[in-house]
Structures are given as C-alpha cells and as structure tokens.
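Participant: In UniProt numbering, the protein residues as written are 1 to 577. Cβ coordinates follow ideal geometry from the N, Cα and C atoms, glycine included. The structure that follows is given in the form of structure tokens.
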Amino acid sequence: MSAADTQCTSLSPETAGMACKRSYPNKTSPGLCAGCELLSTLSGEALRRTSEYPRCGYCGTIYKPMTQQYNGKMICGTCATLAGVSPTSSVTAQEQAARAQRMLALSQQGARQRASNRAGTATIGAPNAQRVFISADVWVSGAGSKPKQQSSIGRMGFQFDLNAELSGTVIPRLLQALEGAWGERHQSTLKSSHIKLRFHGNAELLVHELDITIEQFIQAHRDYPAAKHFPASAKYLTTAHGVYPAFIYFEFHIQADLYFDDTGETVQFHNTVKRKAKDDRNDYKRARTSELPPVSLQSTFRPRDIVPKTLVTISRQSVSCNTTGEVQICADSEELTSPSHIRDARLAKGTMKMVYQLDTPDESFALKRFYRISNDNSPVSVEDNSKHLTEEILLVAEAKYFLEKFYEHGETYSADLDTTLSISQAWLATEKVAEGETPSVASGISDDQHWEHDEHVDGITWLMEPLRSGHVTKFRGTLGFGGVPKGKLAATVDAFIHFTYLYSQKTMVLCDIQTMKQRIDGRAMNVIFDPMVHSLAGNRGPGDHGNKGIQNFIGTHDCNVKCRSLRLEVLEDSDDD
C-alpha cells in the first residue's frame, strides 16, 4: 500500500476541491476517503449537517453515532476491530463496524452514481449533474372511493437530473409511460391536472405546488419520514440505486373524479391484483414484459429450398392522389428483381380474398387476390379479379388522402386524437405469363382460363402490400357500426369514419376497418389494410352496400368525444333508399 492510497485525493474533475487531503492508515485505494466520498453526493443543508458528524481518523468514515477514540483520534467500529481496541462507549465495536460498513457501501454507491453521471452528462448538458431514480406505482382514487392499486400495469421507473422539475419533467414522463395502457381503455388523454403524487401508504407530500426541482423537493422533505418509505416489493431497486434521496418512491394517484369532471368519462382501471410481497418482483417483471409489443424476429438462416413455389415475373404500379382527392394508377410500371417466387401455399384466407407470399432477392411481400365476390360462391374470373382489385387500390389511396385531411382538421381544433393510424402501402401488381408458360399455382388460374380471358387484362392481377405479421384488431365490419367504442384509438377510428363521410360530401362511408401493428420510421403504428366502402353509386366493390350501407352507419353511429372535439356535424337519418 503506497502513500497515494492512504491520502484522500480527488481523481476526477467532478470531485475537485472535495478531498480533505488527510492520510488514513486504513485507507487502501486511491481517491477520496470514505467520508469525502459520501459528502460528494450531498448538497445544501444535508451537506452542512453531515460534514459536522464525527470522522474516523483511520479510514475517514463519517458516522453520526461515532463516540469511540483511540490514540487521540475518533475510530469507527471497523477500524477498532482491526486494531483490537476494546469499546469505550455504549455502542459496541461490532455495532459500529456494521454501521461503518453500511456507510462505506453508501459512499461507494455514490462513486458508482457519479460514474453513471459522467456517461450521461453529454445528454443532459450539466458537467456535474447528479441523478435520482424515481419509481411509481399507479393507483386510482378520488370520488370518495378507497384507493386501488393497478398492479397489472406494472411499476414505472426512470432516472432524472436533480435539476428536473416535478411538474415539467417527472410527471409528464410518467404520464408518457402510462399512455399506451391508458389509451386502450379511454378516449381522452390523462393530464397532469388529473394526478396527485403521494408517498408510500398514501402519505401526503409536504409541498403541493410541484413546479420545483427534484433537489428542492428533497430539501423540503429531508426530515419527513414518509419520504424514505417504499413497499417491500420495491426493495430490490435500492440495490441498484441506493436509498432516499438517491431513490424516491411515489404512489401515482389518478383522481377519478377530476378526470370525470374534465372529460365526462369514467376511469376504466379497476383490475387490481393482490400479491404476496415475496412474489412482487417476479410479477412486476412479468407485467412489464407482457406490455412489450411483439417484434418480427430477423434471422440470417437460409433453409434448404423445400417450400413449393412458382418462379414468376412480377411488375407493379403505384397510385397517385392530387390535392382534391382524385386518384389514378401511374402508367409506368416497375419490374421486381429476379428471381421472384410466389409460394404455392396461402398465408391467410378472408371472406373474399386469399393472401400469398411473394419472395424476391431483396424482400418479401403479401399478394392478395379475390376468390369470392358473390354469395353463390361462383369462381372469380381473371377480369373480375382485376376489376375489383383495381377499385380497391384506388380506395386505399383515397383512404390515405382522407386520413391526412382528418389529422389536419384535428390540428386546426387541437383535438386530442390517436396519431398512430396509418394506411397500408400498396401497389397493383401483375403476374406476367409468357407464351408457353403457365400461371402460378397461387393464382388459382389454369392455363386454359388464362389464355381465354379478355385480352385487355395483361396478365394476372394482384394487390401487393408489405408483408406483415401480428395480431389483427377489428374496429368496424361491413355493416357493423353500432356502439360507442372504448379506448382512444377506437374513438379516433370512429371519428375518422364520421369525418370521411362528411369530407367526401356525404358520398361514401369507410367500412370493414381493421389494423395491424407495424413499426414505421421507428414508431409503432396501427396500419389500416383492406378497407371497404359504401358509396351512393354502390359500385365500389363487392362489399359496397350503397346508400343502405351509408344509412346503416348514420343510424348506428354515436358521436364520441373525438367527434365533438373535431366539431363534426351530428348525423341524422335519411328516408332515402
């Protein structure tokens, strides 16, 4: 052990000026002594108070109850044990040793915390920033009812800079974490004004105006016992983050009465789960894991070519839409990279269309074709398949146009809409069949049928989309419009259908709305695919029920809070057939 190890010295810019520069015989590593290490994590009144506590002259540990002396110096329990000194105070050497060990652990934790701070200073812009870990469990209270913990949501927890404001940073971050689970059940956004923070056990805070920094909050509660309490299930967090004030636990109370007064909507969270304390940590992990959305597993494995498929030549055309909503298929087509194959086995089957997988050297796509367009189950001709798929891709482009206008309208009135809706990307694809070749197995078209079809249909038509996988959420069927939807996303979809009817000058109603999760530009989106429509002319595809379908929507639609925030005209029944 060198003299450099025993002397208290600063080793980083963060602790410059904090070293006492004394030598301690039992200090075995370079850097600050145990006492200065602890003081470097404190500030303000806590720093002043702690710096007045007794300090061990042999290792530098600062400890308030230290009363023992040896050779004219204060000595902690650990150093007394090492020196074989008999205790001269009411506090035993063993007790002092245990307490000193805890103090040393706290000081070492402070060093780890500062190392973490150094890694994060580039982001938060403060070279001497210290951070606090804040954890919270969600509760529902108010309206005279007993508070209920919402255990199924899982525990929230984030690191914050000491200079962060509770009202401006902490509460909004916790609200953001709750946004997904909240939006599944409610139409309106949860706001800071609907929230009250409590300490563990529903204990009140000493301050009620939270436009203060975390450091100011800690100072205000430095002698408040409730601030240091947390549930047994959160004890494991102290291992990683330390105890108060390095770790602060809150109960995040949603005030049901305030939310109802503001929005007219009842809080839907009531699914509490009772657990034993020893099981809470594992249950917490399961709850958090269950909220994570599934992701597409990317694999570099290339299996042997055992999937039956047909080598094809595929070209595709996109659709354009102008500012007035007029759509047209682009004349230029793009031929996909060869070799391209359509798998013989279908991926999925709906009430009218079948889905197959197209594999190219670059990526895979979904190909869709009609197999049924009427109730008599008669075969679908090449011409009818082409006609209805062409109509459908034009509708997809129109739906995208209406969705853009819908969100623009929402911004005009500052409507609180779910902004994750998107319309699927789509192309009109053609399977080219050269003379002497046969159509793909997936097309369902025999060689004779292909060469007998209308010469104006160039090949076999497909609707081509990006290949997606996951759970399909059905919002509205062809004629299923009744009921008030639950959840922010569902309410937004319903308002979108209402808006489209009005914006189309009451000539069409979107129907058969279903979505699938897809990550687009790094954001989780709800992608609408295969929409259908009811139009006044009744000629927009096999699912078009004409004016009957429009009147069905008008008669069953209940305007929700999104419709009202968009100032949409209330719909009235018509006697027209």
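Going along the chain, which unbroken runs of the beta strand (DSSP E) with 3 or more residues stay wholly within the region 211-255?
Facilitator: 247-255
Participant: Ignore the nearest five residues each way along the sequence and tell me which others in E52's own chain have a CB closer than 7 Å to its CB.
Facilitator: none
Participant: I'd like to check one pair, S535 with M508: are the Cβ atoms closer than 7 Å?
Facilitator: yes
Participant: Pull up the DSSP beta-bridge partners for C321, would you.
Facilitator: V327
Participant: Go through its chain and collect everything with a Cβ distance to R198's Cβ below 6 Å, but skip five positions before and after it.
Facilitator: E251 and H253
Participant: When the Cβ atoms of the region 216-231 are set against those of the region 240-247, are three or more pairs found closer than 8 Å?
Facilitator: The region 216-231, when compared against the region 240-247, does touch it at the 8 Å Cβ threshold.
Participant: Expressed to the nearest angstrom, what Euclidean distance is found between the alpha-carbon atoms of K146 and W139?
Facilitator: 10 Å
Participant: Using a Cβ distance threshold of 8 Å, determine whether the region 390-402 contacts the region 319-326, with at least three qualifying pairs required.
Facilitator: yes
Participant: Under 8 Å Cβ to Cβ from L11, same chain only, skipping five residues before and after it: list those, please.
Facilitator: P30, G31 and L32
Participant: From the DSSP output, in three-state form, read off F499 for me.
Facilitator: helix
Participant: By a C-beta neighbour count over all protein chains shown, 10 Å radius and 16 as the cutoff for buried, is R476 buried or exposed?
Facilitator: buried
Participant: In the DSSP assignment, find the unbroken beta strand (DSSP E) run with V140 in it and report its ends.
Facilitator: R131 to G142
Participant: Taking just the CA atoms, how far does V527 sit from D458?
Facilitator: 30 Å
Participant: Could you spell out where the beta strand (DSSP E) holding P147 opens and where it closes?
Facilitator: S145 to Q149
Participant: Which parts of the region 155-195 are runs of the alpha helix (DSSP H), unbroken and 4 residues or longer, counting only runs that do not cross its ends?
Facilitator: 171-183
Participant: What are the partner residues of Y356, as DSSP defines its beta bridges?
Facilitator: L367
Participant: Looking at the strands, I want to know which residues DSSP matches up with Q7.
Facilitator: S23
Participant: Taking the alpha-carbon of K488 as reference, which of T351, A227, E265 and L358 has the nearest alpha-carbon?
Facilitator: E265
Participant: Within 10 angstroms of its Cβ, does I520 collect 16 or more other Cβ (buried), or is it exposed?
Facilitator: exposed
Participant: Out of H200, T351 and T313, state which residue places its alpha-carbon closest to the alpha-carbon of G532.
Facilitator: Looking at the sequence shown, residue 532 is not Gly but Met. Nearest option by C-alpha distance: T351.
Participant: Give the secondary structure of Y70 by DSSP, where H, G and I count as helix, E and B as strand, and everything else as coil.
Facilitator: It is a strand residue.
Participant: Contact between the region 545-559 and the region 175-192 is defined here as three or more beta-carbon pairs at a separation below 8 Å; is this criterion met?
Facilitator: They do not touch, by the three-pair rule.
Participant: Tell me, please, which residues DSSP counts as bridged to A429.
Facilitator: R316 and W462
Participant: Using 10 angstroms around the beta-carbon of K235, count the other beta-carbons present and answer buried if the total reaches 16, otherwise exposed.
Facilitator: exposed
Participant: Distance cutoff 7 Å, beta carbons only. Does A226 sit that close to anything in chain D?
Facilitator: Chain labels in this structure do not include chain D; a single protein chain is all it has.
Participant: Give a yes or no on whether the C-beta atoms belonging to Y63 and C76 are separated by under 7 Å.
Facilitator: yes
Participant: Considering only C-alpha positions, which residue in the set I212, R564, N202 and L206 is nearest to P231?
Facilitator: If we check each option's Cα against that of P231, N202 comes out closest.
Participant: Taking a contact to mean a Cβ-Cβ separation below 7 Å, would you say E335 touches S318 in this structure?
Facilitator: Cβ distance not < 7 Å, so E335 and S318 don't count as in contact.
Participant: Distance check for R564 and S378, CA to CA, integer angstroms please.
Facilitator: Rounded to whole angstroms, S378 to R564 spans 45 Å at the Cα level.
Participant: How far does the beta strand (DSSP E) with F301 in it reach, from first residue to last?
Facilitator: Where F301 is concerned, there is no enclosing beta strand (DSSP E), given that its DSSP letter is neither H nor E.
Participant: Is it buried or exposed for N71, if we count other Cβ within 10 angstroms and need 16 for buried?
Facilitator: exposed
Participant: What are the boundary residues of the alpha helix (DSSP H) that N547 is part of?
Facilitator: G546 to T556 is the extent of the alpha helix (DSSP H) around N547.
Participant: So, are the CB atoms of A164 and I214 less than 7 Å apart?
Facilitator: yes
Participant: Apply the 10 Å Cβ neighbour rule to L205 and answer buried if 16 or more other Cβ atoms are within range, or exposed otherwise.
Facilitator: buried
Participant: Kindly give me the distance between the Cβ atoms of G549 and L502, rounded to whole angstroms, as I take these residues to be in contact under 8 Å.
Facilitator: Not a contact, Cβ separation roughly 16 Å.
Participant: Which word fits A348, buried or exposed, when buried means at least 16 other C-beta atoms lie within 10 angstroms of its C-beta?
Facilitator: exposed
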